[in-house]
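Residue numbers (our numbering): 349 to 600.
Structure, rendered in structure tokens:
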């Protein structure tokens, strides 16, 4: 992209900072097809920060149509001097109180969850792909990425194991994890839950049992037994809950 084209994008974005109609802002951003290397400058000119105001919605528009590998590489390069938790801000989160002076009419409601890659099966696979790419191509450890995942889920307010998107996302992510890493992932999710949410993960119920059934449906018997034996112990399940889970899976 030439400097003239870049300057034109900057001028357009700067002018949008004072526009009070979200539909106009959204359409103008889409028309610009902003390249990833101009991402941070554009966010700045729009007067928003990642994780603030309607920043997640703007990230979602800027990422539309971009190659997932390019997005993963962009995220990694942007993390060179940042904490790895910063990854979660590129996956989405809850809208916060606007910090821009002008009030944007029609913008996503405060405290609504925004999924940058979408909250359907395709979106779940895309998020998992980006995380797996960061892990394999840049050797980001799963210990760090597991914390990123837990942070992102907390940002979305998405901690109920019966939620379909959460299930699809965790099934996709776990394909690249060992059994022990999957158990640790669930433990980190439990740690960011409030007391009521923790009960959904640490007490036997039909929803969690059916989710584990979905999660392990393509696992070999050894891995499945290891998960069902060690997981509940790690998550401090009661003996009665473990007994009910074993009954559900017909484990003697």
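Ideal placement from N, C-alpha and C gives every residue a C-beta, glycine not left out.
Euclidean distance between Cα positions of residue i and residue j
i: residue 586; j: residue 551; result: 7 Å
i: residue 354; j: residue 382; result: 9 Å
i: residue 364; j: residue 373; result: 6 Å
i: residue 493; j: residue 468; result: 21 Å
i: residue 377; j: residue 563; result: 39 Å
i: residue 538; j: residue 528; result: 15 Å
i: residue 501; j: residue 518; result: 10 Å
i: residue 532; j: residue 482; result: 19 Å
i: residue 351; j: residue 426; result: 22 Å
i: residue 359; j: residue 434; result: 28 Å
i: residue 560; j: residue 386; result: 42 Å
i: residue 543; j: residue 460; result: 22 Å
i: residue 619; j: residue 470; result: The question about residue 619 has no answer, for the chain in this structure spans 349 to 600.
i: residue 484; j: residue 598; result: 37 Å
i: residue 570; j: residue 490; result: 22 Å
i: residue 366; j: residue 574; result: 57 Å
i: residue 414; j: residue 375; result: 17 Å
i: residue 449; j: residue 553; result: Here residue 449 scores only 42 on pLDDT, less than 50, and its place in the model is too uncertain to base an answer on.
i: residue 565; j: residue 421; result: 32 Å
i: residue 526; j: residue 535; result: 14 Å
i: residue 369; j: residue 593; result: 52 Å
i: residue 371; j: residue 388; result: 22 Å
C-beta contact flag for residue i and residue j at 7 Å
i: residue 589; j: residue 496; result: no
i: residue 438; j: residue 423; result: yes
i: residue 555; j: residue 487; result: no
i: residue 295; j: residue 503; result: This structure does not reach residue 295, given that the chain is present from 349 up to 600, and the question cannot be answered.
i: residue 507; j: residue 472; result: no
i: residue 380; j: residue 409; result: no
i: residue 513; j: residue 557; result: no
i: residue 416; j: residue 477; result: yes
Paired residues, beta bridge with residue i - DSSP
i: residue 463; result: 440
Whole-number beta carbon distance between residue j and residue i, since they are thought to touch under 8 Å
i: residue 530; j: residue 522; result: 5 Å
i: residue 361; j: residue 394; result: 6 Å
i: residue 480; j: residue 524; result: 5 Å
i: residue 411; j: residue 464; result: 6 Å
i: residue 432; j: residue 498; result: With a Cβ gap of about 12 Å, residue 432 and residue 498 do not count as contacting.
i: residue 391; j: residue 406; result: 7 Å
Residue-chain proximity (residue i, chain C), Cβ-Cβ < 7 Å
i: residue 380; result: Of the chains in the structure shown, none is chain C; there is only one protein chain.
Any 3 or more C-beta pairs closer than 8 Å across the region 536-549 and the region 571-581
no
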